[in-house]
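Data first, discussion second: the structure below is written as structure tokens.
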Amino acid sequence: MRRELATALLGVVQLTTSLSKSGSRESMSKEAIPSILNSKRFWLSVAALALVRDRSWLALSEKWNDVRTPSQGPITLCENHDDGVTPAQVFCSDCECALCRECFSVMHLHKRNRSHRVTSLAPPPARLEEIDIHQGCARMRVANLLILFHGESLNGLVELPADPFAVLTTAVNIPAGRSTPSVCRFCSNALDPHNQTYLSFVRIGKIFEFKILLRVTFQLVGVCSHPDCVRYSATACCRTLACGHRCGGIAGEKHCLPCLVCTSEGTAQDGDDVCVVCFTDRLCAAPCIQLGCGHLLHYHCVRAVLEKRWPGPRIQFRFMNCPLCNVPISHPGLSDLLEPLLALKADVTAKANMRLEFDGLLGCTALTDPQSEYFGRSEEYAMDRYMYVLCNVCKKAYFGGESRCQMNTIMKVLFFSFGTTHFCAACHDDFQRLVCLPRNQFPPCPAGPRATPAEGPCPLRQPHPPPGEEFALGCGICRNISTF
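Going letter by letter, the sequence shown gives residues 1 to 484 in UniProt numbering.
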């Protein structure tokens, strides 16, 4: 099976190679992307990538070993590079020169050059190093195609550039020292020299009812005019790392992030990894932060999670943990959102512990049994057992019952039948059996829906008749006045 998976991955390599053999730049732009997306081999390769767990599996396929074998023919070098090692990948018949894909994209930005006839000289072979699997995410890079897939969540990302001859850069691999970067540092699209300027007007004063406007021009170096990229540039760090690449973090941090382009032993993620919060973009596509646990996430994605808080009425704090390691999120740039959440968590935890002691459950089996999930963890057990809801007026947490009530273990009354009997939804569906059931066959307290026995103490915490008899609990408002 591992050999077949490795062979299936080779299909996308053969597909991208066949589509870039020849043809003009304009025709390839219109036909390449639909041809790739409509191919069965492409989606078969994506499915195989989701199942591959180790790069060593690729060595089991003879076809992969053949592809990795370097060719013995002469290598044509890029005529625009002076280093003598950069191979040429395309040949422009109109310009009569061999270029690498990056040089070709820059030199053919003008409209009159976009219809030049282009021939692919030697598509870069797929290597074992182009497939990487770590942090639960598998990624595959072939020529200008990048596939990212997270096997556990079954979420993925496929990046196909609009220009098939453009280079899909590895993270932000344009050094900051270049005066005219060719691609956007966030979206990696080619930059237009005419739309890299962002204009705004600031009023600086008023003289005799005449407004004086000052025109301020910001040159966003390496950022295109797309609204998302402009928004990201407002929080992005503008410093340059020692390696020459731009910092991928946010502005105002004491220490910059590790380089998202250069590989280092201390980091398990890089710019080509997908953000496990949004599963929409790579880490290099937006400013990132490094949490206290060491994992990298998009800054705006983490803020969105903390702003939306928990789903539903019940207060839960799992959203405050790292999605990769479940360690609580911590970062100085999130202090404005974390401080009120931590205060609310401390308040809810204190109230849950107080109620656990009030119910006499500090010595229950769930806390004293070494085989229990909550052995010696009274706070976690209290938070799991009780449900707290946030008041819309005072923004304080109040007791909303036990969590099993929310899961329909203790059912609320929804039906009043025969003028004498109250039913929940589950018992109402089985009323023909229950109304004929003798009283002595009802389970003792506590009882669940449909006359089934339940575990734990009595949820009413007050004297009442045995199950099967009508009983008024009293005023619910008065009962909640003294609760906590």
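Ideal placement from N, C-alpha and C gives every residue a C-beta, glycine not left out.
Report the rounded CA-to-CA distance for residue i versus residue j, giving the unit in angstroms.
i: CYS100; j: ALA190; result: 15 Å
i: ARG355; j: GLY292; result: 32 Å
i: SER225; j: SER233; result: 10 Å
i: ARG139; j: PRO258; result: 20 Å
i: residue 485; j: PRO313; result: The structure shown does not extend to residue 485, since the chain spans only 1 to 484, so no value can be given for it.
i: GLN371; j: GLU357; result: 22 Å
i: SER61; j: ARG2; result: 8 Å
i: ALA286; j: HIS108; result: 27 Å
i: PRO332; j: ALA304; result: 16 Å
i: TRP43; j: CYS322; result: 31 Å
i: SER335; j: HIS110; result: 47 Å
i: LEU146; j: TYR386; result: 46 Å
i: THR349; j: ARG246; result: 43 Å
i: GLU380; j: LEU37; result: 47 Å
i: VAL435; j: GLY419; result: 13 Å
Sort the options by Cα distance to residue i and report the nearest one.
i: ASP273; options: GLY363, HIS295, LEU9; result: HIS295
i: ARG439; options: ASP82, PRO465, LEU390; result: PRO465
i: HIS150; options: LEU51, HIS245, SER335; result: LEU51
i: LEU58; options: GLY156, ALA6, GLY448; result: ALA6
i: PHE279; options: SER378, TRP310, ALA251, CYS137; result: CYS137
i: ALA366; options: ALA425, CYS237, GLN269, GLU455; result: GLU455
i: GLY244; options: LYS254, ILE250, CYS262, PRO227; result: CYS262
i: LEU9; options: LEU49, ILE36, ARG2; result: LEU49
i: SER403; options: GLN316, GLN290, ASP83, ALA472; result: GLN316
i: MET383; options: CYS394, LYS351, PRO370; result: LYS351
i: LEU344; options: PRO370, THR76, CYS394; result: CYS394
i: residue 514; options: ASP83, LEU44, ASP132, GLU253; result: In the structure displayed, the chain extends from 1 to 484; residue 514 sits before or after that span and is not available.
i: ASN155; options: VAL277, HIS110, ALA236; result: VAL277
i: LEU337; options: TYR381, PHE415, LYS308; result: LYS308
i: ALA425; options: GLY360, PHE415, GLU152; result: PHE415
i: VAL389; options: ARG231, PRO311, HIS110, MET320; result: PRO311
i: SER378; options: GLY363, CYS391, ARG318, MET387; result: GLY363
i: LEU148; options: ARG114, GLY252, VAL46, MET320; result: VAL46
i: ARG41; options: VAL90, GLY11, GLU152; result: GLY11
i: LYS254; options: ILE289, GLU159, PRO340, PHE91; result: ILE289
Residues in its own chain within less than 8 Å of residue i by CB, not counting five upstream and five downstream?
i: ASP347; result: LYS396, ALA397
i: ASP430; result: ARG450
i: ARG325; result: In the sequence on display, residue 325 carries Cys and not Arg. Closer than 8 Å at the Cβ level, and outside the excluded window around CYS325, lie CYS293, HIS295.
i: SER417; result: PHE423, HIS428, PHE431
i: GLY84; result: LEU77
i: THR368; result: PHE375
i: ARG461; result: ASP359
Kindly list the residues whose CB is nearer than 7 Å to the CB of residue i, restricted to its own chain and excluding five residues on each side of it in sequence; keep chain order.
i: residue 513; result: With the chain covering only 1 through 484, there is no way to say anything about residue 513.
i: VAL167; result: Here the model assigns VAL167 a pLDDT of 46, short of 50, so the residue's position is not dependable, and the following value carries that caveat. Around VAL167: ARG101, GLU102, SER105, ASN144.
i: CYS229; result: CYS184, PHE186, CYS187, VAL223
i: SER22; result: At SER22 the pLDDT is 44, less than 50, meaning the model places this residue with poor confidence and gives no usable figure here.
i: ASP94; result: HIS116, ARG117
i: PHE471; result: HIS464, PRO465
i: CYS275; result: ASP281, LEU283, LEU297, HIS298, CYS301
i: CYS458; result: CYS445, PRO446
i: GLY468; result: ARG439, PHE442
Consult DSSP for residue i and reduce its assignment to one of helix, strand or coil.
i: TYR381; result: helix
i: ALA447; result: strand
i: PHE423; result: strand
i: ASN38; result: coil
i: LEU199; result: For LEU199, the pLDDT reaches just 35, beneath the cut-off of 50, and the residue's location in the model is therefore unreliable, leaving the point undetermined.
i: THR452; result: strand
i: VAL12; result: helix
i: GLU470; result: coil
i: LEU154; result: coil
i: ASP54; result: coil
i: PHE442; result: coil
i: THR7; result: helix
i: VAL142; result: strand
i: SER417; result: strand
i: LEU220; result: Reliability fails at LEU220, whose pLDDT of 45 lies under 50, so the model's placement of it is uncertain and no value is given.
i: ILE207; result: Confidence at ILE207 is low in this model, with a pLDDT of 34, below 50, so its placement is unreliable and the value that follows should be read with caution. If DSSP states are grouped into helix, strand and coil, ILE207 belongs with the strands.
i: CYS137; result: strand
i: VAL183; result: strand
i: ASP430; result: coil
i: ALA59; result: helix
Would you say residue i faces chain D, with C-beta separation under 8 Å as the test?
i: ALA47; result: Note that chain D does not occur in the displayed structure, where there is just one protein chain.
Leaving out the 5 sequence neighbours to the left and right, which residues in its chain are closer than 6 Å to residue i when beta-carbon positions are compared?
i: THR421; result: none
i: GLU79; result: CYS97, ALA98
i: ARG178; result: Note on ARG178: pLDDT 44, under 50, position unreliable in the model; the coordinate value appears next. Excluding sequence neighbours, ARG178 sits near nothing in its chain.
i: VAL327; result: CYS293
Only counting runs of 4 or more residues, tell me where the alpha helix (DSSP H) segments fall wholly within the UniProt domain "B box-type" (73-121), in order along the chain. Taken in chain order, the unbroken stretches of alpha helix (DSSP H) that lie wholly in the UniProt domain "B box-type" (73-121) and span 4 residues or more are 101-107.
Ordered list of alpha helix (DSSP H) runs contained in the region 254-336, each at least 4 residues: 299-308
With a floor of 4 residues, list each alpha helix (DSSP H) that falls wholly inside the region 343-407, ordered by position along the chain. Under the rule that a run must span 4 or more residues, the alpha helix (DSSP H) segments found entirely inside the region 343-407 read 365-368, 378-385, 403-406.
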